[in-house]
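The sequence shown begins at 219 in this note's numbering and counts up one residue at a time.
The C-beta atom is built at its ideal place from N, Cα and C for all residues, glycine as well.
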Amino acid sequence: MAVTQSLKIYEILNKHFKNEEDAKIVIQQIEEIVEAKVDNKKDILLTKEDKIDLIDRINKSKLETIIWIVGIGALQFILSYLIRK
219 MAVTQSLKIY EILNKHFKNE EDAKIVIQQI EEIVEAKVDN KKDILLTKED
269 KIDLIDRINK SKLETIIWIV GIGALQFILS YLIRK
């Protein structure tokens, strides 16, 4: 939560409670809840590093698939040539 947002909420709560300590406690609790929710969402969201890793894995898989297809094709060609003789 941004400092300006915390300050505005603090001012409103301070006027409401007419007590600085209660307003500070409420602000701290709100900030803890927001931080906990953000931390929980970090596990779900795709980070930049995760995206780079995923792209690398996809590219590697594509290359391996192409190598297998070419290898199998070459093997079939060689086997068909040997069978004809």
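Tell whether a beta-carbon distance below 8 Å holds between residue i and residue j.
i: residue 225; j: residue 241; result: no
i: residue 245; j: residue 228; result: yes
Need the endpoints of the alpha helix (DSSP H) that residue i sits in, please.
i: residue 195; result: The chain is shown only over 219 to 303; residue 195 falls outside these bounds and no answer can be derived.
i: residue 336; result: Because the chain here runs from 219 to 303, residue 336 falls outside it and cannot be looked at.
Looking only at its own chain, which residues have a Cβ that is under 7 Å from the Cβ of residue i, when we skip the five neighbours before and after it?
i: residue 238; result: 232
Keeping to the same chain, check which residues put their C-beta closer than 6 Å to that of residue i; ignore five residues upstream and five downstream.
i: residue 253; result: none
i: residue 271; result: none
Using CA coordinates, which residue listed in the options is at the minimum distance from residue i?
i: residue 222; options: 255, 249 and 236; result: 249
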